[in-house]
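Working notes, beginning with the structure itself.
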Amino acid sequence: MRSIILIGILGVMLGAVSQAEAGQLRHKYFGVLVNYFAPDEARLADDEGVGINVLFGRELNPHLYFEGQAFSNVFETGVNGGADLYQHGVGLDLMATLLRRGSFTPFIIGGVGYVYDDVVPNRLDSGNFYANAGLGVLSRELGSSGMRVRLDARAAYDDFEGGVTDVRLGVGLEIPLSPTELVVREVPVPVAASEAAPAQGYPPRPIPGGVDSDGDGVLDNFDQCPNTLPGTRVNRSGCVVEPQVVGVLSSVHFEWNKSRLLPDARTILEHAALAFVGQPSLRVEIVGHADSTGNPAINDQISQARAEAVRQFLLQRGIPAERMQVQGLGDSQPVSSNSTDMGRWENRRVEFRLERKMPGAMGKQ
Numbered sequence: 010m011r012s013i014i015l016i017g018i019l020g021v022m023l024g025a026v027s028q029a030e031a032g033q034l035r036h037k038y039f040g041v042l043v044n045y046f047a048p049d050e051a052r053l054a055d056d057e058g059v060g061i062n063v064l065f066g067r068e069l070n071p072h073l074y075f076e077g078q079a080f081s082n083v084f085e086t087g088v089n090g091g092a093d094l095y096q097h098g099v100g101l102d103l104m105a106t107l108l109r110r111g112s113f114t115p116f117i118i119g120g121v122g123y124v125y126d127d128v129v130p131n132r133l134d135s136g137n138f139y140a141n142a143g144l145g146v147l148s149r150e151l152g153s154s155g156m157r158v159r160l161d162a163r164a165a166y167d168d169f170e171g172g173v174t175d176v177r178l179g180v181g182l183e184i185p186l187s188p189t190e191l192v193v194r195e196v197p198v199p200v201a202a203s204e205a206a207p208a209q210g211y212p213p214r215p216i217p218g219g220v221d222s223d224g225d226g227v228l229d230n231f232d233q234c235p236n237t238l239p240g241t242r243v244n245r246s247g248c249v250v251e252p253q254v255v256g257v258l259s260s261v262h263f264e265w266n267k268s269r270l271l272p273d274a275r276t277i278l279e280h281a282a283l284a285f286v287g288q289p290s291l292r293v294e295i296v297g298h299a300d301s302t303g304n305p306a307i308n309d310q311i312s313q314a315r316a317e318a319v320r321q322f323l324l325q326r327g328i329p330a331e332r333m334q335v336q337g338l339g340d341s342q343p344v345s346s347n348s349t350d351m352g353r354w355e356n357r358r359v360e361f362r363l364e365r366k367m368p369g370a371m372g373k374q
């Protein structure tokens, strides 16, 4: 009966894997875990066991992954100082993440497989049904490598001598495979003011083989931070790389000597509000600028007022005040010549400086 159950479960899992292949869901990874066991008393082992798992995982949908695993474990008996109980096996697990993979991802996991118990005395050696279930957590990505630290705890059942259940604690690394399949490309491309998207919207940059709604270079299937601001540098998960200045928001312009938002600026800021909603860890310093016409002290004041106008707009869209700081730099950082009408218009602007953690002293409130 257990063999029939094992074959049935494996068949369902492999069917799901085939469906994922047909849907071209290509997120995959390799992992290595070192395990510590508290063995079942029925094993007649000492008080500990150790082992290693090697696994391969592949996405079925943004919250569900299958994992094939191979493992080898050793249980201490304390007899003549030897390690007399060995276990080798293979299995197939399903992992369900409670959140989309991001900076901190809890998950539940379970599966079945086959295990060979090599014990003393040898007459008890046998191949058996194996099952495990538990929960764990993945860390945020480690730098630009995409690797994550993984911790999990499981109950591991082995149909040996009537059945034993060990408690297993594991720690290790997940390493992404074929990153060019996970993300079409990283996007370090700054966008100059003259290249800013038109006021009527932000058409996505075309990417062969998939949909990238926000144009950040990461396909929607793998984008954990939707509605990214145009021109923003992102990592392989589609989330902002910090810190940086989003130069494209120099398209948020103002009339001369005024801090009232123009209609095109409102269009851009509506998109910015969606980006902040999609990335709750994102903080921003809103920096106002002025052209060189008039008194420098007045320019400082008007640039501060322009930054505050943007802040108030985002506050009205539900962005918390603690995620925003403002600063006015007057006419000290022009992006174009102040000798022409167009140059002065481009200099009357607001820029965003983004970070994924709360900045320290970023400027005036």
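Per our numbering, numbering through the sequence shown is continuous, rising by one, with the last residue being 374. Positions of the beta carbon are idealized from the N, C-alpha and C atoms, including for glycine. Please read all numbers here as calculations on a predicted model, not as lab measurements.
Pop quiz: residue i and residue j are said to be a contact at Cβ under 8 Å. What is the actual Cβ separation, rounded to whole angstroms?
i	j	result
residue 120	residue 143	Incorrect: roughly 10 Å between the Cβ atoms, too far for contact.
residue 80	residue 59	11 Å between Cβ atoms; not a contact.
residue 324	residue 330	6 Å
residue 339	residue 309	4 Å
residue 342	residue 298	6 Å
residue 167	residue 139	6 Å
residue 332	residue 293	7 Å
residue 229	residue 237	So it is not a contact: roughly 11 Å between Cβ atoms.
Would DSSP call residue i helix, strand or coil?
i	result
residue 36	coil
residue 357	coil
residue 68	strand
residue 81	strand
residue 76	strand
residue 207	Annotation note: pLDDT 37 at residue 207 (below 50); position unreliable, coordinate value reported separately. Looking at residue 207 - three-state DSSP - the assignment turns out to be coil, as it is neither helix nor strand.
residue 291	coil
residue 192	The predicted position of residue 192 is uncertain, since its pLDDT is 28 and thus under 50; no value can be drawn from it.
residue 172	coil
residue 259	Its pLDDT being 45, under 50, residue 259 is placed unreliably in this model, and the value from its coordinates should be taken loosely. DSSP places residue 259 in helix when its eight states are reduced to three.
residue 367	With a pLDDT of 43 at residue 367, under the threshold of 50, the modelled position of that residue is not reliable, and no figure is offered here.
residue 156	coil
residue 305	helix
residue 62	strand
residue 230	helix
residue 277	helix
Out of the options, which one is the CA nearest neighbour of residue i?
i	options	result
residue 64	138, 339, 98, 277	98
residue 73	49, 52, 118	118
residue 83	52, 75, 103, 349	52
residue 179	107, 44, 145	44
residue 77	110, 37, 86	37
residue 176	169, 163, 95, 167	163
residue 128	319, 159, 85, 141	85
residue 116	147, 344, 134	147
residue 349	300, 67, 107	300
residue 141	228, 102, 170	102
Exposed or buried, which one is residue i when buried takes at least 16 other CB atoms within 10 Å?
i	result
residue 327	exposed
residue 113	exposed
residue 42	buried
residue 172	exposed
residue 151	exposed
residue 185	buried
residue 131	exposed
residue 419	Nothing can be reported for residue 419, as the shown portion of the chain is limited to 10 through 374.
residue 275	exposed
residue 50	exposed
residue 303	exposed
residue 134	exposed
Does at least one heavy atom of the ligand FMN sit under 7 Å from the Cβ of residue i?
i	result
residue 168	Judged by which ligands are present, the structure shown has none, so any question about the ligand FMN falls away.
Runs of beta strand (DSSP E) wholly within the segment 87-144 (minimum 3 residues, chain order): 94-106, 114-127
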